[in-house]
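Asker: The following block contains the structure, expressed as structure tokens.
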Amino acid sequence: MNTAGWIRKWALLSPERVALKDDNHKLTYRELNRRINRLAHFLLAKGVRKGDRVAALLQNSTPFLEIFFAVSKIGAIFVPLNFRLSPPEITFVINDCTAGTFFFDETFGPMLQDIRKDLPIAEERYICVDGSAPAFGRAYEPLLSAASDREPSIPPEPDPESPHIIMYTSGTTGLPKGAVLSQRKTFFNVLNANLYYQVSPEDRVVVSRPLFHSGGLLVDSLPFLYKGGTVFMKRRFDPEELLRTVEQYRVTVMETSATMYRFILESCDPARFDLASVRCFFTGGEQVPISLLRAYAEKGILISQIFGQTETSTVTWLPVEHALRKMGSVGVPVFHGEVRVVDEKGQEAPPGASGEIVVSGPILMSGYWGKPELTRDTIKAGWLHTGDLGIRDEEGFYYILDRVKNVFISGGENVYPAEVERVLLENPMVAAAAVIGVVDEKWGQAGKAFVVLAGENTITEAGLRKWCVERLARYKVPACFQFVDEIPENAGGKIMRHKLRE
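Written as structure tokens, this is what we have:
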């Protein structure tokens with residue numbers, strides 16, 4: 038089940054087939070495998086061993102996947118970091134997983150210079166992937182050139198249950214939590230995707246979603262490399278450039294977020310581009326407006342939805358042949374995985390009745406890193422509770438109604454109110470705070486903060502926004518702030534968010 042073995046085998050079967058392409062590099066499977074081997078040798082020489090954590094703060098690029106496969110090859114654990122996180126958030130994550138090696142893009146060098154005194158990483162373990170390495174780091178290409186491209190001497194197959202990836206997702210407690218994904222989970226996620234994408238070696242996919250996300254890595258990229266296809270990576274999302282790539286390289290599968298699909302319609306006309314090579318369009322990761330699906334359908338483009346989360350990856354998918362008839366549905370359960378809708382007592386709800394969506398099977402995470410109690414609260418009797426409210430119709434198709442938890446999605450990114458509230462309450466001028474998601478024309482949803490000031494303190498909306506910008510990723514910063522006399526709470530001290538939405 039070792040993912041790195043896929044590249045080695047395709048390097049034998051189709052050595053000259055293009056595996057990866059970004060704005061600056063193009064690699065065949067032979068070239069990719071050799072570079073993975075070189076990096077694996079470097080990591081082993083630096084003492085990185087099975088189970089060690091290796092962090093990466095990178096934008097979409099061929100080195101991102103080189104690092105992922107090299108870390109996988111030696112049995113270490115890959116920790117991709119959201120490059121939108123603030124310095125305090127990155128500091129927390131690195132210390133939480135105790136990563137000992139850190140790969141980063143040059144653009145993040147100044148930020149790392151400021152926080153590295155608080156990180157458990159030796160100077161020689163900082164590797165700058167592009168541009169000029171800062172004084173505290175090493176340059177990526179020279180260390181690859183100095184290493185052997187032969188297959189490293191390591192056990193060929195790790196334990197299927199061994200940790201493979203730790204993906205951090207914002208926690209309802211206000212701090213990020215690391216979902217531990219095993220080798221087995223990755224493998225079955227890829228098998229599922231191969232079934233619903235119907236992948237072949239002739240497929241070409243363009244990846245515009247960030248690779249640090251489960252969607253960008255496990256859904257958009259790995260299934261195609263498993264089958265010997267070609268992955269085109271976009272470092273930044275530009276609607277016209279994305280469609281030009283689809284047209285130029287005859288891309289066959291396109292998946293991106295609803296927000297990105299919306300930006301495409303707003304900034305350019307898809308009819309200007311030859312998209313005839315695309316046999317299926319998919320979207321997932323956030324709520325998808327029916328109006329958006331209809332707008333594309335009117336242009337002859339049927340978009341199918343998938344549904345999942347970091348802890349599970351994809352759990353349902355809508356077959357293309359049902360995209361019009363079942364518009365708005367997230368589809369049926371994936372082949373390797375079970376899905377139910379349960380009521381408050383944990384009993385399976387009948388068709389048409391709403392309840393929480395729960396998931397079981399080999400696609401589940403192993404648990405949250407260092408958080409056994411939270412793991413037990415999330416996975417009960419083999420079923421992972423997603424916190425999402427949905428229904429199943431008479432034909433077995435699922436629909437997402439709302440979120441049981443308070444999380445909302447802004448521009449494809451999860452935002453947890455507790456996390457934003459924690460930052461607001463750190464301000465000495467703030468006595469109480471509550472955050473909800475409200476409709477936003479540009480981002481789908483955005484945060485609205487209700488704030489009670491402490492005593493006679495005064496602070497402006499601009500002041501609070503600046504406070505948040507310095508401590509949170511931009512997408513988590515509330516779009517608006519409302520000063521109130523009190524936050525409505527129930528007898529148990531829980532915020533009554535429905536009152537705030539009225």
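Numbering (this note's numbering), first residue to last: 38 to 539. Note that the Cβ used here is the ideal one computed from N, Cα and C, for glycine as well.
List the endpoints of the continuous beta strand (DSSP E) containing Met148.
Answerer: Careful: Met148 lies outside any beta strand (DSSP E), inside the alpha helix (DSSP H) at Gly146 to Ile152.
Asker: Just the Cα atoms here: how many angstroms apart are Gly42 and Lys110?
Answerer: Their Cα atoms are separated by approximately 8 Å.
Asker: Could you tell me the alpha carbon to alpha carbon distance between Gly389 and Asp430, rounded to whole angstroms?
Answerer: Gly389 and Asp430: Cα-Cα distance of roughly 5 Å.
Asker: Decide if Leu102 is buried, meaning its Cβ has at least 16 other Cβ atoms within 10 Å, or exposed.
Answerer: Looking at its Cβ environment, which holds 16 or more other Cβ atoms inside 10 Å, Leu102 is buried.
Asker: So, using beta-carbon positions, are Leu329 and Tyr286 closer together than 8 Å?
Answerer: In this structure, Tyr286 does not lie closer than 8 Å to Leu329 by Cβ.
Asker: In this structure, how does DSSP classify Ala528 when only helix, strand and coil are distinguished?
Answerer: Below a pLDDT of 50, predicted positions are generally treated as unreliable, and Ala528, at 43, falls in that range; the measurement from the model is reported next regardless. Here Ala528 sits in coil by DSSP.
Asker: Val290 lies in the beta strand (DSSP E); which residues open and close that run?
Answerer: Counting along the chain, the beta strand (DSSP E) containing Val290 begins and ends at Val290 to Glu292.
Asker: Between the Cα of Asp151 and those of Thr135, Pro171, His78 and Asp167, spot the shortest distance and give me the residue it belongs to.
Answerer: When each option's Cα is compared against that of Asp151, the closest is Pro171.
Asker: Determine the DSSP secondary structure at Glu450, reduced to helix, strand or coil.
Answerer: If DSSP states are grouped into helix, strand and coil, Glu450 belongs with the strands.
Asker: How long is the line joining the alpha carbons of Arg362 and Phe145, rounded to whole angstroms?
Answerer: Rounded to whole angstroms, Arg362 to Phe145 spans 46 Å at the Cα level.
Asker: For His250, count neighbouring C-beta atoms within 10 Å of its own C-beta (all shown protein chains included) and say buried if the count is 16 or more, exposed if not.
Answerer: By the neighbour-count rule (16 or more Cβ atoms within 10 Å), His250 is buried.
Asker: Looking at Val130: is its Cβ nearer than 8 Å to the Cβ of Pro247?
Answerer: Contact flag unset, no.
Asker: With 16 other CB atoms within 10 Å as the buried threshold, where does Cys134 fall?
Answerer: That one is buried.
Asker: Please report the residue range of the alpha helix (DSSP H) in which Tyr263 lies.
Answerer: First-last of the alpha helix (DSSP H) with Tyr263: Leu259 to Tyr263.
Asker: Can you tell me whether Met402 is buried or exposed, with buried defined as 16 or more other CB within 10 angstroms of its CB?
Answerer: By the 10 Å Cβ count, Met402 comes out buried.
Asker: Taking Cβ to Cβ, would you say Ile203 is nearer than 8 Å to Arg121?
Answerer: Not a contact, by the Cβ cut-off of 8 Å.
Asker: Just tell me which of Ile343, Val352 and Cys305 has its CA closest to the CA of Ser366.
Answerer: For Ser366, the nearest C-alpha among the options comes from Ile343.
Asker: Is it buried or exposed for Cys517, if we count other Cβ within 10 angstroms and need 16 for buried?
Answerer: Cys517 comes out exposed.
Asker: Taking Cβ to Cβ, would you say Lys485 is nearer than 8 Å to Val506?
Answerer: For Lys485 and Val506, no; Cβs fall outside 8 Å.
Asker: Could you please give me the residues that DSSP links to Glu385 through a beta bridge?
Answerer: Glu385 pairs with Val379.
Asker: With H, G and I counted as helix, E and B as strand and the rest as coil, what does DSSP make of Val506?
Answerer: Here Val506 sits in helix by DSSP.
Asker: For Gln384 and Gln519, I'd like the C-alpha separation in whole angstroms.
Answerer: C-alpha separation (whole angstroms): 40 Å.
Asker: So the alpha helix (DSSP H) Val283 belongs to, where does it begin and stop?
Answerer: That run of the alpha helix (DSSP H) goes Pro276 to Tyr286.
Asker: Go to Ile202, then tell me how far its beta strand (DSSP E) extends in each direction, as first and last residue.
Answerer: Residues Pro200 to Thr206.
Asker: With a Cβ-Cβ cutoff of 8 Å, do Leu180 and Phe372 count as a contact?
Answerer: Not closer than 8 Å, so no.
Asker: Cutting at 6 Å between CB atoms, please list the residues of its own chain near Ser304, excluding the five before and the five after it.
Answerer: Pro276.
Asker: Out of Gly253, Gly265, Leu501 and Val290, state which residue places its alpha-carbon closest to the alpha-carbon of Arg273.
Answerer: Per the Cα distances, Gly253.
Asker: Taking the continuous beta strand (DSSP E) assigned at Ser341, which residues delimit it?
Answerer: That run of the beta strand (DSSP E) goes Ile340 to Gln346.
Asker: Please report how far the alpha carbon of Leu94 lies from the alpha carbon of Asp167, in whole angstroms.
Answerer: Roughly 12 Å separates the two Cα atoms.
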